[in-house]
Amino acid sequence: MDEARLNEFMGKLVNDMGGAAMLANVIVGEELGLYRAMADSQPISPETLAEKTTCNPRLVREWLSAHAASGYMEHHDGKFRLPEEQALALAKEDSPVYVAGGLGVVASFFHDKDKLVKAMRGNGALSWGDHHPCMFTGTERFFRPGYKGHLIAEWLPALDGVVAKLEAGAKVADIGCGHGASTVIMAQAYPNSRFVGFDYHAPSITVATQRAEEGGVSSRARFFQGTAKSYPGDDYDLICYFDCLHDMGDPVGAAKHAFESLKDDGTVLLVEPFANDTLDENITPVGRLFYAASTFICTPNSLSQEVGLGLGAQAGESRLRKVFTEAGFKHFRRATQTPFNLILEARK
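With the numbering used here, letter number 183 in the sequence shown gets 176, and the count goes up by one each step, no holes.
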């Protein structure tokens, strides 16, 4: 046995245990409004923070101490400070790097542990709709900041001729729309276009409809229950898949239906988790996160459906290109990327 190697691994494991415990503390802090109460980046005592948020002062002190020990906050003379950079990730929901609200996804892993154990001992299937409810709200809050930060400013302009169509008035389908975050953002930006979101999960369609009303776009963004292989229409200018194609049991069938549903000069916008084409290339912090999430969410959901291709969240550009080539598309390219997403374009 290599004792140095053992000690190195134990150090990694202890670090991960602390990280997991801290994420639970982040979820609590977000729900209680503790970060929002510190968003001005001014030093604050545990007692003052507890008073501002009507929380127990002793528990607030312990919570703050965990953050100081983790490097999430600064500590000096009995007061704690949330620096501006950390506030962007933990306190400011309009920030493109806000993550605190999306950690409900991580919480669902623990709620759903027994379901995954059963799936791993069986046929691998765990349907999206069978997850704990915090999965659905967490997914919306995890992806929405990135969509708000990049979709209108960068991703759509990276597609050939699509923005001009949207400005003039286009027909758009958002497949696997979930709670409708991407659909509403596009509808708010392009008032001359009409948007329709489809998702097979009925409770998500209910929430998406509510989000459109709250966002003032219910007259031009509508939502319906439907699968990626059966939604109606054959004259779409743009069909979008936001972080969902790899979750589908039959992504080739979904892409074929998109091919049939597009106008001849239409475009598919495919947004997928960032991945290179091999495991060795994906041994990165981002790859680690997405493989772990895919074990609980993406792959078992695909295995719960017909075909059960099981692409997983780290499919990579080459594998995704093969899906669209098999579906009949002649043009497929990487339009742009972020550290967390591949933005791909497919055309007939």
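Glycine is no exception: its CB is placed at the ideal position from the N, C-alpha and C atoms.
These figures come from a predicted structure and were not determined experimentally.
DSSP three-state assignment for residue i, whether helix, strand or coil
i      : result
GLY305 : coil
ARG326 : strand
ALA339 : strand
GLY97  : helix
PRO36  : coil
LEU272 : coil
PHE267 : coil
ASP257 : strand
Of the residues the options, the one placed nearest residue i, counting alpha carbons only
i      : options                         : result
PRO196 : GLU274, LYS141, ARG281, ASP123  : ASP123
MET66  : ASN0, MET15, GLY94, LEU304      : MET15
ILE20  : ASP33, CYS127, GLU(-4), ASN49   : CYS127
GLY154 : GLY259, GLY305, PHE217, ASN0    : GLY259
HIS324 : ALA339, ASN8, ASP192            : ALA339
GLY102 : ASP257, ALA286, ASP240          : Going by the sequence as given, residue 102 is Phe instead of Gly. When only C-alpha atoms are compared, the closest one is ALA286.
LEU255 : MET241, ILE232, VAL245, LEU(-1) : ILE232
LEU304 : THR331, ALA100, THR271, ILE336  : THR271
SER297 : GLY173, ALA180, MET241          : MET241
LEU337 : THR288, ALA306, LYS315, VAL261  : VAL261
CYS170 : LYS45, ALA180, ASP192, ARG312   : ASP192
VAL279 : GLY173, VAL264, GLN307, ASP107  : GLN307
GLY22  : MET3, GLY71, VAL92, GLU310      : VAL92
LYS343 : ARG327, VAL165, ALA251, ASP167  : No answer is possible for residue 343: the residues shown for the chain start at -6 and end at 341.
SER63  : GLU44, GLY12, PRO50             : GLY12
VAL189 : GLU147, SER212, LEU6            : SER212
ASP33  : LEU52, ALA(-3), ALA151, LEU83   : LEU83
ALA163 : ARG137, ALA214, ILE198          : ALA214
GLY209 : ASP230, GLY26, MET179           : MET179
SER186 : GLU160, ARG204, ILE168          : GLU160
ALA248 : VAL316, GLU310, GLN218, VAL264  : VAL316
GLY301 : MET(-6), LEU119, ALA(-3), ASP9  : LEU119
SER311 : ARG326, TYR229, GLY321          : ARG326
Residue environment, residue i, which counts as buried when at least 16 other CB atoms sit within 10 Å
i       : result
GLY277  : Note on identity: in this sequence residue 277 is Thr, with Gly being the wrong assignment. Exposed is the call here.
THR176  : buried
THR47   : exposed
LYS158  : buried
ALA268  : buried
ARG114  : exposed
PRO332  : exposed
ASP236  : buried
ARG281  : exposed
ASN334  : buried
GLY95   : buried
THR132  : buried
PRO184  : exposed
GLY246  : buried
GLY226  : exposed
GLU253  : exposed
ALA55   : According to the sequence as given, residue 55 is Glu; it is not Ala. Exposed, because fewer than 16 other Cβ atoms sit within 10 Å of the Cβ of GLU55.
ASP243  : buried
GLU274  : exposed
HIS69   : exposed
MET31   : buried
LEU(-1) : exposed
GLY97   : buried
Test: residue i CB closer than 8 Å to a CB of chain C
i     : result
VAL99 : No chain C is present in this structure, which holds just one protein chain.
**Prompt:** What runs of the beta strand (DSSP E), each 3 residues or longer, lie entirely inside the stretch 38 to 89?
**Reply:** 67 to 69, 72 to 74
**Prompt:** Along the chain, which unbroken stretches of the beta strand (DSSP E) at least 3 residues long are found entirely within the stretch -3 to 22?
**Reply:** none
**Message:** Quick check on the DSSP output: what are the complete alpha helix (DSSP H) runs of length 4 or more inside the stretch 116 to 188, in order along the chain?
**Reply:** 126 to 143, 155 to 161, 174 to 182
**Asked** Should the stretch 85 to 105 be called in touch with the stretch 137 to 150, which here means at least 3 C-beta pairs below 8 Å?
**Response** Three or more beta-carbon pairs separated by less than 8 Å link the stretch 85 to 105 to the stretch 137 to 150, which places the two stretches in contact.
**Request:** Pair every Cβ in the stretch 28 to 45 with every Cβ in the stretch 59 to 75, then say whether three or more of these pairs are closer than 8 Å.
**Result:** yes
**Prompt:** For the stretch 287 to 297 against the stretch 219 to 230, are there 3 or more C-beta pairs whose distance is under 8 Å?
**Reply:** no
**Message:** Which complete alpha helix (DSSP H) runs does the stretch 184 to 236 hold, if anything under 4 residues is left out?
**Reply:** 195 to 207
**Asked** In chain order, which alpha helix (DSSP H) runs of at least 4 residues are fully inside the stretch 272 to 299?
**Response** 278 to 289, 291 to 296
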